[in-house]
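Presented below is the structure to which this report refers.
There are 2 protein chains.
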Amino acid sequence: MPRKKSSPPPEAAAAWRLMFEVLMSSGHRRTASLVRRGLTPNDARALWTLDVDDGRPIGDLAREWGCDPSNATFIVGRLEKSGFARRASHADDKRVKLVFLTKSGAAVRDELRDEYHEPPDEIRALTRKDLATLARILAKVGK
Amino acid sequence: MPRKKSSPPPEAAAAWRLMFEVLMSSGHRRTASLVRRGLTPNDARALWTLDVDDGRPIGDLAREWGCDPSNATFIVGRLEKSGFARRASHADDKRVKLVFLTKSGAAVRDELRDEYHEPPDEIRALTRKDLATLARILAKVGK
DNA sequence: TATTGTTATACTCTATAACTATA
DNA sequence: TATAGTTATAGAGTATAACAATA
């Protein structure tokens with residue numbers, strides 16, 4: 013039978029809650045980055061998903077994005093019209109269309125990522141010592 | 013003339029980038045929390061914005077949500093139909109409708125917040141000592 | 001006259017179902 | 001016959017413009 017996960021140690025709960033608050037309060041900056049470029053959240057997600065060298069079938073993208081393939085067609089079409097993605101037929105199976113990021117798409121993705129990575133003022137206000145400690149610990153995450 | 017902000021110390025950039033990655037990789041959990049309850053992202057934003065005791069005019073909400081008042085009307089109407097919000101006329105200015113969170117709305121907001129606050133596995137995997145250090149430093153943010 | 005919220009309308013995004021072309 | 005992607009269609013969410021009630 014499905015069971016709930018045991019409660020985390022209080023240290024984990026406290027640390028995560030604080031991280032979460034900071035991350036949420038910086039959400040409007042990310043929204044602004046998109047609005048400034050006339051990009052939708054869908055566009056952004058696609059820019060993060062797609063790759064310049066590895067093309068991906070529409071069906072794969074639909075599954076990853078949790079949407080219907082017909083909608084993935086729409087989203088990719090929008091991106092293609094903006095010049096940020098391109099379609100190419102698969103060599104072995106001509107039913108499949110592979111979707112690639114264009115150079116222009118990679119450029120805007122990089123710009124976006126750079127803006128997302130700019131630390132908010134409230135983080136910059138910490139001491140360099142605290143920031144270094146933070147980075148040292150967080151570097152262990154997912155390792 | 014408008015100028016770009018000076019670059020942050022490398023410690024800030026590193027710490028923030030790592031925090032940001034964790035936030036992004038935990039986004040699907042929050043999406044799942046909403047889907048499980050049949051809530052839209054709009055619903056969630058409204059649940060965070062509204063209050064049981066302090067009613068807010070539609071126009072205020074529209075400004076905070078960055079949308080048109082006609083859309084705020086739509087969003088609040090949806091929430092009202094779900095029983096999570098209620099409208100009441102302002103006593104002094106009968107043009108104004110104040111929007112309040114209902115008890116039921118507060119309950120689902122609290123559930124949601126509790127789920128959001130459950131630390132992801134990759135955070136729980138850190139040592140209690142590291143987590144305590146993390147919490148100690150992050151508690152200074154925004155102070 | 002000006003302001004608040006709603007309604008009328010049109011446009012975008014989304015899913016379902018039907019279709020085309022390959023396999 | 002089955003599968004990948006598209007197109008046709010309809011429903012949800014959004015903004016603009018017109019409107020009603022109140023100030």
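Line by line, the protein sequences are chains A and B.
Counted the way my numbering counts, the first sequence spans residues 13 to 155.
Counted the way my numbering counts, the second sequence spans residues 13 to 155.
A virtual CB, placed ideally from N, CA and C, is assigned to each residue, including glycine.
Original post:
Does the beta carbon of Gly154/A sit closer than 8 Å to a beta carbon anywhere in chain B?
Top reply: By one-based count along the first sequence, residue 154/A stands at place 142. Answer yes: the Cβ-Cβ gap between Gly154/A and chain B drops below 8 Å somewhere.
Subject >> Local conformation of Ser18/B per DSSP, three classes >> reply: The residue labelled residue 18/B in the question sits at position 6 within the second sequence. The answer is coil: DSSP assigns Ser18/B none of H, G, I, E or B.
Original post:
Going along chain B, which residues have a C-beta under 8 Å from Val34/A?
Top reply: Residue numbering aside, residue 34/A sits at position 22 when the first sequence is read from its first letter. Within chain B, the residues near Val34/A are Met31, Leu150, Val153 and Gly154.
Original post:
Between Gly89/A and Ser116/A, which are expected to be in contact by the criterion C-beta below 8 Å, what is the C-beta distance as a whole number of angstroms?
Top reply: On the first sequence, position 77 is the one that residue 89/A refers to. On the first sequence, position 104 is the one that residue 116/A refers to. Not confirmed; about 16 Å, so no contact.
Original post:
Beta-carbon of Arg140/B versus every beta-carbon of chain A: anything under 8 Å?
Top reply: Taking the second sequence and counting its residues from 1, one reaches residue 140/B at position 128. Chain A, which has a Cβ nearer than 8 Å to the Cβ of Arg140/B, makes this yes.
Subject >> Sufficient close CB pairs (3 or more, under 8 Å) joining the segment 63-78 of chain B to the segment 28-46 of chain B >> reply: no
Subject >> Backbone CA spacing between Pro81/A and Glu92/B [nearest angstrom] >> reply: Along the first sequence, read from residue 1 onward, the residue named residue 81/A stands at position 69. Along the second sequence, read from residue 1 onward, the residue named residue 92/B stands at position 80. Cα to Cα, the separation comes out at about 33 Å.
Original post:
Residues of chain A with CB under 8 Å from Trp28/B, in chain order?
Top reply: What you label residue 28/B is simply residue 16 of the second sequence in a count that begins at 1. Within 8 Å Cβ-Cβ: His129, Glu130, Pro131, Pro132 and Ile135.
Original post:
Is Glu98/B helix, strand or coil by DSSP?
Top reply: By 1-based counting over the second sequence, the position of residue 98/B is 86. In the sequence as displayed, the identity of residue 98/B is Arg instead of Glu. The answer is strand: DSSP assigns Arg98/B an E or B state.
Original post:
Can you name the residues of chain A whose CB is closer than 8 Å to the CB of Thr145/B?
Top reply: Residue mapping note: residue 145/B aligns to position 133 of the second sequence, counting from 1. The contacting residues are Thr145 and Ile149.
**OP:** Enumerate in chain order the residues of its own chain whose CB-to-CB distance from Val111/B is below 7 Å, with the five nearest sequence positions on each side excluded.
**Re:** What you label residue 111/B is simply residue 99 of the second sequence in a count that begins at 1. For Val111/B, where only same-chain residues beyond five positions count, the Cβ hits under 7 Å are Leu62, Gly67, Arg68, Ile70, Leu73, Val88, Ala97 and Arg99.
**OP:** Whole angstroms is fine: what's the gap from Ala58/B's alpha carbon to Leu113/B's?
**Re:** Position 46 of the second sequence, counted from the first residue, corresponds to residue 58/B. Position 101 of the second sequence, counted from the first residue, corresponds to residue 113/B. Cα to Cα, the separation comes out at about 9 Å.
Original post:
Can the beta-carbon of Val120/A be found closer than 8 Å to that of Arg49/A?
Top reply: Counting from 1 along the first sequence, the entry for residue 120/A is found at position 108. Counting from 1 along the first sequence, the entry for residue 49/A is found at position 37. Result yes, Cβ atoms of Val120/A and Arg49/A sit closer than 8 Å.
Original post:
Shorter than 8 Å from the beta carbon of Glu23/A to some beta carbon of chain B?
Top reply: Numbered from 1 along the first sequence, position 11 holds the residue referred to as residue 23/A. Yes, contact with chain B.
Original post:
DSSP beta-bridge partners for Val111/B?
Top reply: The sequence position of residue 111/B within the second sequence is 99, counting from 1. Val111/B pairs with Arg68/B and Arg99/B.
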